[in-house]
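Letter by letter, the sequence shown follows residues 211 to 689 in the numbering used here.
Quick notes on the structure that follows.
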Amino acid sequence: MIAHIAIILVALVSSSESFQKLLLTRLVLRPSSASVACAPLSMSTTKVERNQNFAKLQAGYLFPEIARRRRAYLEQNPSAKIISLGKYSCIDVMRCDTTITTVHAMPSPLLFVGIGDTTMPIPPHILSGLAHGVSKLGTKEGYSGYGAEQGVTELREKIAAKLYNNLVQPDEVFVSDGAKCDISRLQLMFGSNVVSGVQDPSYPVYVDTSVMMGQTGSIDPALKQFSNIVYLPCNPGNNFFPDVRQSPRADVYYICSPNNPTGAVATRKQLEELVQFCKEVGSFIVFDAAYAPFIRTPDVPKSIYEIEGAKDVAIEVNSFSKYAGFTGVRLGWTIVPSGLKFSDGTPVRNDWNRVMTTAFNGASNIVQSGGLACLDDEGLQEIETLIDYYLQNAKLLKETFEGLGFDVYGGVDAPYVFVHMKGRNSWDCFSEILETIQVVTIPGAGFGPGGTEFLRMSAFAPRESCLEACERFKQMYKK
Ligand code: PGU
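Here is the structure:
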């Protein structure tokens, strides 16, 4: 319709009389047969039915909602000096002693500088890998186009060797543009007839994509849980790891360790029991190991494949995002063991390959060159150094809240510190902290009902911001 109006205007201002006549005849005097047959549609609707699964989702995705609230606060308080300890943390200490107009005039300053989550620059060796990927494209010999959809062979081999000690084979590694995208594509593969099991609280993508795929019924407003999802309670009483035997069976268990948001890490024994259970009941595990390199405690598994028998039941998603500051660069991978099968005997890897070749066209060749550099000895050392830095922030946050008398979880082998606000709703605490000391935290309620009384603090921040946030918390909560 708008296009038609535009063409009519062009015709009217056109100097050529015959052109005007032609266009007006075609567009105005001879309406299309469809518009003759049907009653005119209102400007604001079409005849395309909305996917009702989307109507089941309660609100927008968690992190943009946090950003919206922060922006709203800044608009009311343009001189506020905000610190974020969650997503969008790299605005660090943001002085908005500008006018509201200036804030608007910048391209969403709060979000723009913050997208990426990690805040430290990409270190030199890894950066040189990315640069090498760029320069190769400018040469005849180095140029490459599409594919391979599964990732370049060298990178698949290096991931299998350097990160999995050859516990997995290169042809079980599928390189991608990130773990979140792979989780969504896994859901596409699983379809709408499976039952998902999630830790409660958990990274919201597992539940939201299950809803989008039509696996669930609607949400129970009192429980804040969707029907047909198995919510596995995770709390201090079970060290934030679920006892799957206490809940109804799910087809696919989404297990994240180190955990977002609780910061808990699953022990070898816990994972052994989980694998054993899934073998007994014939379920899959989707193991999200996006924070694996934060594990420093000896004998805590960094991959599900360190557990015997895991290749019979588990898929692992992973990503360079938090390893190497690639949140904006985008590079991840998923391991699908060759022996993992659906109930009809079809290898899962076949269907995953079908998804990746159909709904994905391979990770960027530039970025894969950066991934190769990550896995050189120098790159691995740079990753260690980055993670040391964030773990030090986590320690500062953890000690601050412990010193203030809170019960605090995580923050040892994970970048997240989970603080119990005892009896208080985390959205209220979020607002109170934002308004009182201008620090942005993430309410645990956003990760499921199990997180209602907790706040998630992220260690992804510049040290100065972290230190200043700790000082402000001390001021706010001192007795
Ligand atoms: N898995 C877990 C457990 C995560 O926490 C995140 C990001 C991802 C996967 C995404 O990995 P990519 O490889 O970068 O896609 N969690 C961040 C960002 C949240 C979001 O979804 O935008 C966080 O703050 O929780």
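Cβ atoms here follow ideal geometry from the backbone N, Cα and C, with glycine treated the same way.
What separation, rounded to the nearest whole angstrom, lies between the Cα atoms of residue i and residue j?
i	j	result
Leu607	Cys676	7 Å
Tyr599	Thr256	52 Å
Glu681	Glu645	16 Å
Lys266	Met422	8 Å
Ala370	Val385	11 Å
Asn563	Arg673	42 Å
Gln360	Arg455	36 Å
Asp381	Leu396	17 Å
Leu590	Cys466	22 Å
Gly339	Ala502	22 Å
Ser668	Tyr356	37 Å
Phe714	Asp418	Residue 714 lies beyond the stretch modelled for the chain, which goes from 211 to 689, so this question has no answer here.
Leu365	Val462	28 Å
Met330	Leu596	7 Å
Asp307	Leu284	Confidence in Asp307 is poor, its pLDDT being 33 and thus under 50, which makes the residue's placement unreliable; the coordinate value appears in the next sentence. Approximately 10 Å, taken between the alpha carbons.
Ser299	Leu272	Note that Ser299 scores 46 on pLDDT, short of 50, meaning its location in the model is unreliable; the coordinates nonetheless yield the value given after this. Rounded to whole angstroms, Ser299 to Leu272 spans 15 Å at the Cα level.
Gly352	Leu337	18 Å
Ser579	Lys689	53 Å
Gly348	Cys391	29 Å
Glu518	Ser289	56 Å
Phe552	Ser493	10 Å
Trp543	Asp387	8 Å
Met168	Gly401	Outside the shown range of the chain (211 to 689) lies residue 168, about which nothing can therefore be said.
Ala358	Gly572	6 Å
Ile514	Ile495	9 Å
Tyr687	Ala432	31 Å
Leu585	Gln286	46 Å
Gly270	Asp561	30 Å
Gly615	Arg280	27 Å
Phe570	Ser394	12 Å
Pro274	Gly343	32 Å
Asp498	Glu367	20 Å
Pro653	Gly661	8 Å
Helix, strand or coil: how does DSSP classify residue i here?
i	result
Leu665	strand
Phe732	There is simply no residue 732 to check, as the chain begins at 211 and stops at 689 in what is shown.
Leu442	strand
Ala524	strand
Lys689	coil
Pro452	coil
Tyr501	coil
Ile517	coil
Gly357	coil
Tyr463	strand
Gln435	strand
Thr507	coil
Ser428	coil
Thr477	coil
Gln268	coil
Tyr413	coil
Pro334	helix
Val421	helix
Gly620	strand
Lys350	coil
Phe670	coil
Tyr154	Since the first residue shown for the chain is 211 and the last is 689, residue 154 is missing from the structure and cannot be characterised.
Gly447	helix
Phe273	helix
Pro557	strand
Pro319	With a pLDDT of 30 at Pro319, under the threshold of 50, the predicted position of this residue should be treated as unreliable, and no value is reported.
Pro653	strand
Are the CB atoms of residue j and residue i within a distance shorter than 8 Å?
i	j	result
Ala583	Leu295	no
Leu481	Asp522	no
Pro452	Arg478	no
Val378	Ile545	yes
Val565	Leu398	yes
Tyr533	Ile593	yes
Phe504	Leu601	yes
Ala341	Gly407	no
Lys291	Gln648	yes
Leu442	Gln409	yes
Asp327	Thr537	yes
Ser636	Leu665	yes
Ile332	Gly581	no
Glu157	Gly633	Because the chain spans 211 through 689 in this model, residue 157 falls outside it and cannot be assessed.
Gly424	Asn528	no
Closer than 8 Å, CB to CB, is residue i near chain D or not?
i	result
Glu609	Any reference to chain D falls outside this structure, which holds one protein chain only.
Would you check whether the ligand SAH has a heavy atom nearer than 7 Å to the C-beta of residue i?
i	result
Asn571	Absent from the structure shown: the ligand SAH. Ligands present: the ligand PGU.
_Pairs of beta-carbons, one from the stretch 414-434 and one from the stretch 445-454, closer than 8 Å: are there three or more?_
no
*Spell out a yes or no on whether the stretch 655-668 and the stretch 467-475 are touching, meaning 3 or more CB-CB pairs, one atom from each, closer than 8 Å.*
yes
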